[in-house]
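Below is one structure, written out as structure tokens; comments come after it.
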Ligand SMILES: Cc1cc2nc3c(=O)[nH]c(=O)nc-3n(C[C@H](O)[C@H](O)[C@H](O)COP(=O)(O)OP(=O)(O)OC[C@H]3O[C@@H](n4cnc5c(N)ncnc54)[C@H](O)[C@@H]3O)c2cc1C
Ligand SMILES: NC(=O)c1ccc[n+]([C@@H]2O[C@H](COP(=O)([O-])OP(=O)(O)OC[C@H]3O[C@@H](n4cnc5c(N)ncnc54)[C@H](OP(=O)(O)O)[C@@H]3O)[C@@H](O)[C@H]2O)c1
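Residue numbers (this note's numbering): 30 to 436.
Right, here's the structure in full:
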């Protein structure tokens, strides 16, 4: 249950006591933990900067996007697709257009204090500044919260349109244009494919190396195969098997300018978070020359780009498929549970729980299956404490409320 403390309206920022966990983010991770909390009968509030659930999927992805992983690896616990799970009380809900600016643990009261500002139509309206106070904080803002925009020399003088992949919808807008796609991850590869399908002329920047794996081997998902093999074999051996299979299915990719990293694809994902590309057709377009592979960028000039090997290309547009990053360090204060890159310091499978009622859901670098695993564990743990703390004999809730009334 949430008590909206309207009596605090006369302060510039209103306060709300959250009787249960405060979940930041209503993407799949936030929703999965909410749905699991519901199973445990725990009320909660979700704070979301956007105006909808799963905003990454609804607003920041391109039209043709399909999951690269089979659906059994993308299922969320207790989650009903198409909407929020059914919440236990009318007042437990998602608060949209609430961007969390800061969250910190107050040692004196033993409570989390989470400050938000209104976004969208509510932006700039001080009456939409809020402070949410509660016993538990669940960080579910995702590994891809902010776009990465690298500093590229001369880009300001380029003159053509420059778009990040998160704002790219379809190749329709690029028909007949020469497009430089910066980055060769899953986004870069798929956007190049989409540009080809819309009669544009993509050149894809590969500044270093990249692992490309077939999405399927003999009709079976490569991801599923890797997961199965990892139950029996060490990671380095699974990596070797994947590379042999990739070679058998795709052949050598180095002759197309795609050098493989010396570290195997799964080890690279685990150690550096670099995701291998699961090919859904871009490689064929590279082979046919429809997608041109080019080296790193030296500098831009009006209508042109100069590349690391001295080549100069005339281009109309630039699409930055340069990835995403976590934003946790920007708002979670005085907390050494997360490292500077915004991921928990403790690796999977133990990175879901911090101290003082702090939880992290969806930072496993294992996509939706990792988020599910975190969500189930976090909700179970909170549920256990919730039951203990709400036993009739104890008085911690009353104690907290007394503390809030002093703010
Ligand atoms: C193009 C693309 C394709 C992908 N495809 C797959 C795939 O096929 N399979 C897979 O498993 N994974 C895929 N992923 C990874 C994907 O990010 C996750 O699977 C999934 O979206 C993670 O869910 P999440 O809830 O952790 O994060 P998100 O979906 O990013 O949700 C986080 C939410 O937190 C909100 N938020 C962030 N900061 C704040 C703040 N300060 N205050 C309030 N709210 C905030 C955001 O608005 C967002 O709604 C893909 C990612 C991208 C970018
Ligand atoms: N259909 C799907 O399931 C699907 C589709 C798209 C994305 N995704 C997922 O979404 C996540 C993000 O993928 P992503 O492709 O957007 O990002 P990404 O995997 O982080 O790839 C970013 C790319 O940008 C390159 N890059 C960054 N800065 C650069 C610079 N200054 N110059 C040249 N290249 C630069 C990187 O090169 P370096 O490697 O050299 O740094 C890398 O190739 C991943 O988990 C991915 O699997 C899934």
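All residues carry an ideal CB built from backbone N, CA and C; glycine is no exception.
Quick one: give me the first and last residue of the beta strand (DSSP E) that residue 147 is part of. In the chain shown, the residue the question calls residue 147 occupies position 118. In the DSSP annotation of this structure, the continuous segment of the beta strand (DSSP E) that includes residue 147 starts and ends at 140 to 147.
Stretch-stretch touch, CB-based, cutoff 8 Å, three pairs: the region 291 to 305 with the region 234 to 248: Per the Cβ contact rule, the region 291 to 305 is in contact with the region 234 to 248 (3 or more Cβ pairs under 8 Å).
Let's test the definition: count the other Cβ atoms within 10 Å of the Cβ of residue 308 and tell me whether it reaches 16, buried, or not, exposed. For the purposes of this step, residue 308 is taken as residue 279 along the chain shown, with counting starting at 1. For residue 308, the number of other beta carbons within 10 angstroms of its own is at least 16, and it is reported as buried.
Does the Cβ of residue 273 have 16 or more other Cβ atoms within 10 Å, making it buried, or fewer, making it exposed? Residue numbering aside, residue 273 sits at position 244 when the chain shown is read from its first letter. Counting Cβ neighbours within 10 Å, residue 273 comes out exposed, since fewer than 16 surround it.
Taking 6 Å as the cut-off, is the C-beta of residue 97 nearer than that to any heavy atom in ligand 1? Against the chain shown, residue 97 aligns to sequence position 68. Within the cutoff, so yes.
Spatial neighbours of residue 229 within its chain, please: CB distance less than 7 Å, with the 5 preceding and 5 following residues excluded, ordered by chain position. The residue labelled residue 229 in the question sits at position 200 within the chain shown. Excluding sequence neighbours, residue 229 sits near 200, 203, 204, 205, 206 and 208.
Residues near residue 383 by beta carbon distance below 6 Å, same chain, minus five either side: Taking the chain shown and counting its residues from 1, one reaches residue 383 at position 354. Within the same chain, 366 come within 6 Å of residue 383 by CB-CB distance, once the 5 residues on both sides are set aside.
Residue 236: CB within 6 Å of a non-hydrogen atom of ligand 2: Taking the first residue of the chain shown as 1, we reach residue 236 at position 207. True, at least one ligand heavy atom lies under 6 Å from that Cβ.
Near residue 106, which residues of its chain fall below 7 Å by C-beta distance, leaving aside the five closest residues on each side in sequence? Taking the chain shown and counting its residues from 1, one reaches residue 106 at position 77. Excluding residues up to 5 positions away in sequence, 61, 64, 65, 401, 404 and 405 lie with their Cβ nearer than 7 Å to the Cβ of residue 106 in the same chain.
Return the bridge partner residues of residue 233 from the DSSP annotation. Within the chain shown, numbered from 1, the residue matching residue 233 stands at position 204. Answer by DSSP bridge pairing, in chain order: 210 and 322.
Identify the continuous alpha helix (DSSP H) that holds residue 165 and give its terminal residues. Locating residue 165 in the chain shown gives position 136, counting from the first residue. From DSSP, residue 165 is part of no alpha helix (DSSP H) but of the beta strand (DSSP E) over 159 to 168.
Secondary structure of residue 267, DSSP reduced to three states: Your numbering for residue 267 matches position 238 in the chain shown. Correct three-state label for residue 267: helix.
Buried or exposed by the 16-neighbour rule on C-beta atoms within 10 Å, applied to residue 135: The residue labelled residue 135 in the question sits at position 106 within the chain shown. Taking every protein chain shown into account, the CB of residue 135 has fewer than 16 other CB atoms within 10 angstroms, so this residue is exposed.
Can you tell me whether DSSP reads residue 49 as helix, strand or coil? Numbered from its first residue, the chain shown carries residue 49 at position 20. Residue state, collapsed to three classes: strand.
Name the two residues that bound the continuous beta strand (DSSP E) containing residue 362. On the chain shown, position 333 is the one that residue 362 refers to. Per DSSP, residue 362 belongs to no beta strand (DSSP E) and is neither H nor E.
If we ignore side chains and look at the alpha-carbon of each, how far apart do residue 333 and residue 183 end up? For this step, residue 333 is matched to residue 304 along the chain shown. For this step, residue 183 is matched to residue 154 along the chain shown. When the Cα atoms are used, residue 333 and residue 183 turn out to be separated by approximately 10 Å.
Relative to the C-alpha of residue 213, which residue among 42, 358, 414 and 350 is closest? For this step, residue 213 is matched to residue 184 along the chain shown. Selection 42, 358, 414 and 350 evaluated against residue 213 yields 350 as nearest (Cα-Cα).
Whole angstroms is fine: what's the gap from residue 318's alpha carbon to residue 267's? The residue labelled residue 318 in the question sits at position 289 within the chain shown. The residue labelled residue 267 in the question sits at position 238 within the chain shown. Computed Cα separation, rounded: 32 Å.
Can you look up residue 239 in the DSSP assignment and give me helix, strand or coil? Working through the chain shown from its first residue, we reach residue 239 at position 210. Here residue 239 sits in coil by DSSP.
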